[in-house]
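**Student:** Note that the numbering used here has the sequence shown beginning at 52, numbered continuously upward.
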Amino acid sequence: MILKRFYDEFLAQASFLVGCEHTREAIVIDPNRDIRTYTDAAQQSSLRITTVTETHIHADFLSGAADLAENQNAQLCLSGMGGKDWSYAPRLDLKVRTVHDGDVINVGTLRLQVMHTPGHTPEHIVFLVTDTTVSEEVLGVFTGDFIFAGDVGRPDLLEKAAGIAGTMRDAAATLYESIHQFAKLPDYLQLWPGHGAGSACGKALGAMPQSTLGYEKIANWAFNTTHVDDFVDVVLQGQPDPPLYFAQMKRMNRDGTPRRHPSALLPELSDSKVRELAAAGEVVVDTRSTDAFAQGFLPGSINIPLNKSFVNWAGSVIPYERDIYLIVDSPEEVKLAEARGALELIGLDGVKGFASAGALDRMLGSGEQLSSMPQMTVQELSGAKAIQIVDVRTSAEHNEGHIAGSKPLALQSLASTMQQLDPNVPVAIHCAGGTRSAIAASMLAAHGFKNVTNVTDGFGAWAKAGLPVEKK
Numbered sequence: 052m053i054l055k056r057f058y059d060e061f062l063a064q065a066s067f068l069v070g071c072e073h074t075r076e077a078i079v080i081d082p083n084r085d086i087r088t089y090t091d092a093a094q095q096s097s098l099r100i101t102t103v104t105e106t107h108i109h110a111d112f113l114s115g116a117a118d119l120a121e122n123q124n125a126q127l128c129l130s131g132m133g134g135k136d137w138s139y140a141p142r143l144d145l146k147v148r149t150v151h152d153g154d155v156i157n158v159g160t161l162r163l164q165v166m167h168t169p170g171h172t173p174e175h176i177v178f179l180v181t182d183t184t185v186s187e188e189v190l191g192v193f194t195g196d197f198i199f200a201g202d203v204g205r206p207d208l209l210e211k212a213a214g215i216a217g218t219m220r221d222a223a224a225t226l227y228e229s230i231h232q233f234a235k236l237p238d239y240l241q242l243w244p245g246h247g248a249g250s251a252c253g254k255a256l257g258a259m260p261q262s263t264l265g266y267e268k269i270a271n272w273a274f275n276t277t278h279v280d281d282f283v284d285v286v287l288q289g290q291p292d293p294p295l296y297f298a299q300m301k302r303m304n305r306d307g308t309p310r311r312h313p314s315a316l317l318p319e320l321s322d323s324k325v326r327e328l329a330a331a332g333e334v335v336v337d338t339r340s341t342d343a344f345a346q347g348f349l350p351g352s353i354n355i356p357l358n359k360s361f362v363n364w365a366g367s368v369i370p371y372e373r374d375i376y377l378i379v380d381s382p383e384e385v386k387l388a389e390a391r392g393a394l395e396l397i398g399l400d401g402v403k404g405f406a407s408a409g410a411l412d413r414m415l416g417s418g419e420q421l422s423s424m425p426q427m428t429v430q431e432l433s434g435a436k437a438i439q440i441v442d443v444r445t446s447a448e449h450n451e452g453h454i455a456g457s458k459p460l461a462l463q464s465l466a467s468t469m470q471q472l473d474p475n476v477p478v479a480i481h482c483a484g485g486t487r488s489a490i491a492a493s494m495l496a497a498h499g500f501k502n503v504t505n506v507t508d509g510f511g512a513w514a515k516a517g518l519p520v521e522k523k
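(1) May I ask you to verify whether the region 506–516 touches the region 463–475, counting CB pairs closer than 8 Å and requiring at least 3?
(2) Which residues bound the alpha helix (DSSP H) around ARG220?
(3) Would you say VAL180 and GLY195 are within 8 Å of each other, going by their C-beta atoms?
(4) Pull up the DSSP beta-bridge partners for PRO244, would you.
(5) If the criterion is Cβ atoms closer than 8 Å, does the pair LEU242 and GLU210 meet it?
(6) Identify which residue in PHE199, PRO82, ALA77, GLU521 has its Cα closest to the Cα of GLN95.
(7) In terms of alpha-carbon separation, which member of MET303, ASN122, VAL286, ALA435 lies closest to ASP144?
(8) What are the partner residues of ASN157, as DSSP defines its beta bridges?
(9) At the level of alpha carbons, what is the spacing between GLY159 and ALA120?
(10) Below 8 Å, can you find three or more Cβ-Cβ pairs linking the region 298–309 to the region 397–414?
(11) When the distance is taken between beta carbons, is ILE86 closer than 8 Å to SER66?
(12) Helix, strand or coil for MET427 per DSSP?
(13) Rounded to whole angstroms, what's the CA-CA distance from GLY404 to VAL379? Just pull it up for me.
(14) Please report the residue range of the beta strand (DSSP E) in which LEU68 lies.
(15) For the 8 Å Cβ check, are there 3 or more pairs between the region 201–215 and the region 253–267?
(16) Thinking C-beta only, is THR445 closer than 8 Å to PRO356?
(17) Could you pull out every unbroken alpha helix (DSSP H) segment of at least 4 residues lying fully inside the region 370–422, listed in chain order?
(18) Starting from the Cα of SER229, find the closest Cα among GLY499, PRO294, GLU174 and give me that residue.
(19) Across the region 329–344 and the region 370–378, are there enough close Cβ pairs to call them in contact, namely three or more that are closer than 8 Å?
(20) Starting from LYS55, follow the beta strand (DSSP E) in both directions and report where the run begins and ends.
(21) Please report the distance separating the alpha-carbon of ASP238 from that of SER114.
(22) Using DSSP bridges, identify the partner residues of ASN354.
(23) Residue range of the beta strand (DSSP E) that ILE269 falls in?
(24) Ordered along the chain, which non-local residues of its own chain (more than five positions away) have a Cβ less than 7 Å from that of ALA393?
(25) If you check the beta carbons only, do ILE108 and ASN304 fall under 8 Å apart?
(26) For HIS278, does the three-state DSSP call read helix, strand or coil?
(27) Count the other CB atoms, across all protein chains shown, that sit within 10 Å of the CB of GLN232; report buried if there are 16 or more and exposed otherwise.
(28) Grab the span of the beta strand (DSSP E) containing ILE80 for me, first residue to last.
(29) Using the DSSP secondary-structure output, state which residues sit across from HIS453 in a beta bridge.
(30) So, are the CB atoms of PHE57 and THR90 less than 8 Å apart?
(31) Helix, strand or coil: which one does DSSP assign to GLU105?
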C-alpha cells in the first residue's frame, strides 16, 4: 500500500492519497480545493486516481472532492447516511456512488470498508482499509473528524454553525455510542485523523499525525468516559466558538461547491488606486504583521496577518459577497500566492488586485500621512479612565475569567456587534495575547472609530500580573 499524507497548515487539515502498488490505482480522501497537490503526487508515484471520497460534509474548508473527481474522471464516493437534511446535492455530471454503512470501495488490491460514525455530523463515515495482498485483517482507519489524536470531533456544529437549534446534546449522545462501537475494533489499528492541533473542529486536538486505537483508549478522554450523560457534558463544555464562515462551508459543501477555475494573474494596484479603494470602504486586507500594521497603515484597510490563523479570521471578518484587495509583504509573489490560495480554500475567490508593502513605503517617502494604531500594556490599561474595554475572545474564554467591566464582543461576530459601542468614547481592545485584538482594532478604525487602542499583551498578561479578574 502506498500512503501519502498532505497537511495544510492554514486549515490544520489532513488529506490522504492511498494507492495500490500492483494496479497503480489510487483513492484520495478528504481533498481540499488545491487539487494539484493530489494530481502532482499521483503523477510522481505513477498512480492513477480512480476514486475520490470524503468522510463528511466539511464545515471548515471548501471541499475539492468534486473538482478532483471531474479532473481525473474518477468515481466520487459520498456518504448516504445523512438523511434528507444532510445528503449531498446530486451531481449528474459526475460518476457519483452513494455509500452506506458496511459498503466496500475497492481500489486495486486495497479494500476500504465504510463505517457510519455519526455524532460530529449525521452523515459522517470512516474508512477501514485492508491491504489484501498482505492480510485479510484491517490495517487502519481514516477517521476524518470522528477520532483525533487525544480528542473527538465536536458535536455542536450543526447547532452553533448551521443554526439547527436543539441538536447538539442529541448529537453528543450519538457520538458517545459511535465511539463505544468503534472501541470494539482491534487495538492495533492505525488511526489517521483529518485534523491536527489548531483546528476548530475540536477543543483539544493533539499534534500527532497518526495514532493507534489502543493508544487512544489509554490517552483519549473520550474512551475513558463510561456514562453517556457525563460524556455529553464534557464534550460540549468549553468548545470554542466556531468561525463565522463554518455555516457558509456547510451549505456550500452540501449543496454543491463552485468549480475552482485556474487563478488568473492579478493586477498590481497603483499607489493611488489602493489608497482610493481603502478610503471608499472596499475590502482592503493588509496581510503584514500586527506590529508593521500598527506603525503605519492605509486608513480604511483591515489587518489580518498572514499566519496559521489567517484562514480562520479571514473567513470570519471578510464578507463573501465583496471584492477583496490584498496588501502583501515581500517577497510579493510568494506572499500573494500564499494569501490568495489560503482564501480560496474557504471559497473567498473574490481577490481582484494587490499592492505591495512597498506602496506604503513610497507614500511615506512622499510625505503622505498614514494612520497608526496606538498600543497599550495591561498595566496602562489598569490605570485608564473613561474607556470602553472590549474583550474579543470567545464567550467561553470570557466566562472563564475577564476584566471587570469589559464588554464581550467576540471577533467572529464583531462586524455585526460593534454598533453596541459608543464611537465617541475611547476604546481599548484586548484578546488573549494580542493578535485577535489587533484585527479587531483595525476593523473599528476602518468603520470610523477615532480613538482605538490595541492592548498588546492581552488577558493572559493581565491575569499573570495579578490584576483583578472576574468570572461569570
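Using N, Cα and C, we set each Cβ at its ideal position, and we do this for glycine too.
None of the values given here were measured: they were computed from a predicted structure.
**Tutor:** To lay it out plainly:
(1) no
(2) 219–233
(3) no
(4) GLY195
(5) no
(6) ALA77
(7) ASN122
(8) ARG162
(9) 17 Å
(10) yes
(11) no
(12) strand
(13) 11 Å
(14) 64–70
(15) yes
(16) no
(17) 383–396, 408–416
(18) GLU174
(19) yes
(20) 53–59
(21) 31 Å
(22) ASP337
(23) It is not in any beta strand (DSSP E) - ILE269 instead sits in the alpha helix (DSSP H) that spans 264–270.
(24) PHE61, PHE361, VAL362
(25) yes
(26) coil
(27) exposed
(28) 76–80
(29) GLU521
(30) no
(31) coil
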